[in-house]
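These notes concern the structure reproduced below.
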Amino acid sequence: MSRTGNQLARLESEEVARGIRMLLASPLLTAEREPDGFDLVRRRREPITKWFDFYCGWRLHVEPRAGYARLTKTTDRPDPTRPARRARSGGAPFDRRRYTLLCVVCAELLAGPATTIGLLADRVRQTTTVEGMPPFDPSRRDERSAFVDVLLFLQHHGAVKPVDGTTESFLDHPDAKVLYRVDATLVTRLLAVPTAPSTVDDVGSLTRENRYDDSSTAQRNLWTRHSVLRRLVDDPVVYRDELTDDQRAFLASPSGRKLVHTAVGIAGCTLEERAEGFVLVDADAIATDTRFPDDDSHAKVAALILLDRLGHGDASEDDLVAETDQLLTRFPNWAKAYRSDGGAARLADDGLALLRAFGLARVDDGNVSRLPAAARYAVEELHD
Numbered sequence: 001m002s003r004t005g006n007q008l009a010r011l012e013s014e015e016v017a018r019g020i021r022m023l024l025a026s027p028l029l030t031a032e033r034e035p036d037g038f039d040l041v042r043r044r045r046e047p048i049t050k051w052f053d054f055y056c057g058w059r060l061h062v063e064p065r066a067g068y069a070r071l072t073k074t075t076d077r078p079d080p081t082r083p084a085r086r087a088r089s090g091g092a093p094f095d096r097r098r099y100t101l102l103c104v105v106c107a108e109l110l111a112g113p114a115t116t117i118g119l120l121a122d123r124v125r126q127t128t129t130v131e132g133m134p135p136f137d138p139s140r141r142d143e144r145s146a147f148v149d150v151l152l153f154l155q156h157h158g159a160v161k162p163v164d165g166t167t168e169s170f171l172d173h174p175d176a177k178v179l180y181r182v183d184a185t186l187v188t189r190l191l192a193v194p195t196a197p198s199t200v201d202d203v204g205s206l207t208r209e210n211r212y213d214d215s216s217t218a219q220r221n222l223w224t225r226h227s228v229l230r231r232l233v234d235d236p237v238v239y240r241d242e243l244t245d246d247q248r249a250f251l252a253s254p255s256g257r258k259l260v261h262t263a264v265g266i267a268g269c270t271l272e273e274r275a276e277g278f279v280l281v282d283a284d285a286i287a288t289d290t291r292f293p294d295d296d297s298h299a300k301v302a303a304l305i306l307l308d309r310l311g312h313g314d315a316s317e318d319d320l321v322a323e324t325d326q327l328l329t330r331f332p333n334w335a336k337a338y339r340s341d342g343g344a345a346r347l348a349d350d351g352l353a354l355l356r357a358f359g360l361a362r363v364d365d366g367n368v369s370r371l372p373a374a375a376r377y378a379v380e381e382l383h384d
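The UniProt record's numbering applies: residue 1 is where the sequence shown begins, and numbers increase by one.
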């Protein structure tokens, strides 16, 4: 191959690897929000689509004219540590009310290519009343706040776009005039499940993938391969004791190890293997949706302090609240959002939630223990 051919091949492999990692961090890429990322995925969509299908069993839909790429990251292990979050209120997670309104709003948005905030609110009020849900009452500020959070979430993902007025104006003025353009196709793409919700009664059935229902050896092997790669690319840490016997056998086999390292290499990452488990490392942090350690939030700072406390032995949740309370006392001008009654408990909960999400701590019956991956963040003493 000529020098030019080698350079082109190297460029393609680098762009494919970058596209894979970008989609792992942001399964929905839009041309409006991330033009460069979307353009890369659009150009390299064939090898990227094949990678996700072969190694993970995930489908990638790239719509060049509509301006979005959607990776459907199906899983049989719904992750409560990655909720939908509000664009306001410091990124607080959606509560039950907001999830309910999100589902109803999405259903109502399918009615046409355009709507107004008042018309949409009235339709949501009617639907919640008819369907026997807690009725939506736009005269209440807390209800309008939840409604606005839902619309801002959809707005962020490109499903709706205000063309006249601002969504936030509805908070203080229930009669606010806001006109939206609706992308109904993108609304339907937001839901990443293999089974229509209206046809099932439980979450287990919602996430069931029929392609693995065949009890043949080939189908079992396919599921093992896909389930292992899904865990490695999607979880911060994969511990051996959390894997099934088949998954551990796959990772221990020469063919399985070769396949995993090939997949990881194409994605531009490296695989760290320890006695306790595995960590997929992206040195460029492209595939990372959130970082730790990091000082961009009070919860992350508290999480690092709590992790250091757990380095001295297991602790109860009450012990960690006391540790957090001392932290707030030592720095009276810090973390003002946690200064109200119960603030120490809330900060400890938020910090502990981060440690659990990153696979660094485990809670069993109120007892908190540090997991092996936490050793990466241990403070080492320097000796002469």
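Glycine residues also receive a C-beta, built at the ideal position from the N, C-alpha and C atoms.
Since the model is a prediction, treat every value here as computed from it, not as a measurement.
DSSP-derived helix/strand/coil call for V130
V130 sits in a helix when the DSSP states are folded into three classes.
Going by DSSP, what residue range makes up the beta strand (DSSP E) through A69?
Counting along the chain, the beta strand (DSSP E) containing A69 begins and ends at Y68 to T72.
First and last residue of the alpha helix (DSSP H) that includes P35?
Looking at the DSSP string, the run of the alpha helix (DSSP H) that includes P35 is P35 to R43.
With 16 as the cutoff for other CB atoms within 10 Å, does H157 come out buried or exposed?
Buried is the call here.
Touching or not, the segment 116 to 135 and the segment 62 to 77, by the rule of three or more beta carbon pairs under 8 Å?
No, they do not touch.
Alpha carbon to alpha carbon, what distance is there between G313 and V187?
Rounded to whole angstroms, V187 to G313 spans 47 Å at the Cα level.
Under a three-way DSSP split, which group does N210 fall into?
If DSSP states are grouped into helix, strand and coil, N210 belongs with the helices.
Assess, as a yes-or-no matter, whether the segment 36 to 51 is touched by the segment 12 to 22 under the definition of 3 or more beta carbon pairs within less than 8 Å.
When C-beta atoms of the segment 12 to 22 are compared with those of the segment 36 to 51, three or more pairs fall below 8 Å, so the two segments count as touching.
Starting from N367, follow the beta strand (DSSP E) in both directions and report where the run begins and ends.
It spans N367 to R370 - the beta strand (DSSP E) in which N367 sits, taken as one unbroken run.
Where D284 sits in the DSSP three-state scheme
Coil.
R59, enclosing beta strand (DSSP E) - first and last residue:
In the DSSP annotation of this structure, the continuous segment of the beta strand (DSSP E) that includes R59 starts and ends at R59 to E63.
Using 8 Å for Cβ pairs, my map puts A25 next to I286. What's the rounded Cβ distance?
Cβ atoms of A25 and I286 come within 8 Å of each other, at about 6 Å.
Where the alpha helix (DSSP H) through P162 begins and ends
From DSSP, P162 is part of no alpha helix (DSSP H) but of the beta strand (DSSP E) over V160 to D164.
When the distance is taken between beta carbons, is T329 closer than 9 Å to L347?
Cβ distance not < 9 Å, so L347 and T329 don't count as in contact.
Just reading off the alpha helix (DSSP H) that T324 is part of, what are its end residues?
For T324, the enclosing alpha helix (DSSP H) has its first and last residue at E317 to R330.
Give the range of the beta strand (DSSP E) segment to which L28 is assigned.
Unbroken beta strand (DSSP E) run through L28: L28 to T30.
On a CA-only basis, which of V363, R77 and D149 is nearest I117? Give me that one, please.
For I117, the nearest C-alpha among the options comes from D149.
Buried or exposed by the 16-neighbour rule on C-beta atoms within 10 Å, applied to G366
Within 10 angstroms of the beta-carbon of G366 lie fewer than 16 other beta-carbons, which makes it exposed.
Can you grab the Cα-Cα spacing for the pair D350 / A87, in whole Å?
Taking the straight line from one Cα to the other gives about 18 Å.
How big is the Cα-Cα spacing for D384 and A353?
Note that D384 has pLDDT 44, beneath the 50 cutoff, so the model's placement of it is unreliable and the number below is only indicative. So the two alpha carbons sit approximately 38 Å from each other.
Backbone CA spacing between D235 and K336 [nearest angstrom]
Cα to Cα, the separation comes out at about 32 Å.
Going by DSSP, what residue range makes up the beta strand (DSSP E) through T195?
First-last for T195: undefined, no H or E at that position.
If you draw a straight line from the alpha carbon of residue 442 to that of V105, how long is it in whole angstroms?
With the chain running from 1 to 384 in the structure shown, residue 442 is simply not present.
Give the single residue among R339, D183, V233 and A146 whose Cα lies nearest to the Cα of R85.
Comparing C-alpha distances from R85 to each of R339, D183, V233 and A146 shows the shortest one belongs to A146.
Do three or more CB pairs link the segment 183 to 197 to the segment 71 to 85 at distances below 8 Å?
Yes, the segment 183 to 197 is in contact with the segment 71 to 85.
Using 8 Å for Cβ pairs, my map puts G311 next to R370. What's the rounded Cβ distance?
Confirmed, Cβ separation roughly 6 Å.
Whose CA, out of Y55, D53, L154 and F54, lies closest to the CA of Y99?
Among Y55, D53, L154 and F54, the Cα nearest to that of Y99 belongs to L154.
Identify, in the order they occur along the chain, each residue of the same chain with its Cβ nearer than 7 Å to the Cβ of G5, setting aside the five sequence neighbours on each side.
Excluding positions up to five away in sequence, the list is empty.
Considering Cα atoms alone, identify which of A283, R225 and T290 is closest to T262.
The shortest C-alpha separation from T262 is found at R225.
Is DSSP giving E381 helix, strand or coil here?
Here the model assigns E381 a pLDDT of 45, short of 50, so the residue's position is not dependable, and the following value carries that caveat. E381: coil per DSSP, three-state reduction.
What three-state label does DSSP hand P83 in the structure shown?
The answer is coil: DSSP assigns P83 none of H, G, I, E or B.
R18 lies in the alpha helix (DSSP H); which residues open and close that run?
Residues R3 to A25.
Would A375 and L355 qualify as a contact pair, given that the criterion is a beta-carbon distance under 9 Å?
Against a cut-off of 9 Å, the Cβ pair of L355 and A375 comes out as no contact.
Those residues which DSSP pairs with F278 across a bridge:
According to DSSP, which records beta bridges pairwise, F278 is partnered with V238 and E273.
Can you tell me the Cβ-Cβ gap for V279 and V228, rounded? I've got them flagged as a contact below 8 Å.
About 14 Å separates the CB atoms of V279 and V228; that is not less than 8 Å, and the two are not in contact.
Reducing DSSP to helix, strand and coil, say where V182 ends up.
In the structure shown, the three-state DSSP call for V182 is strand.
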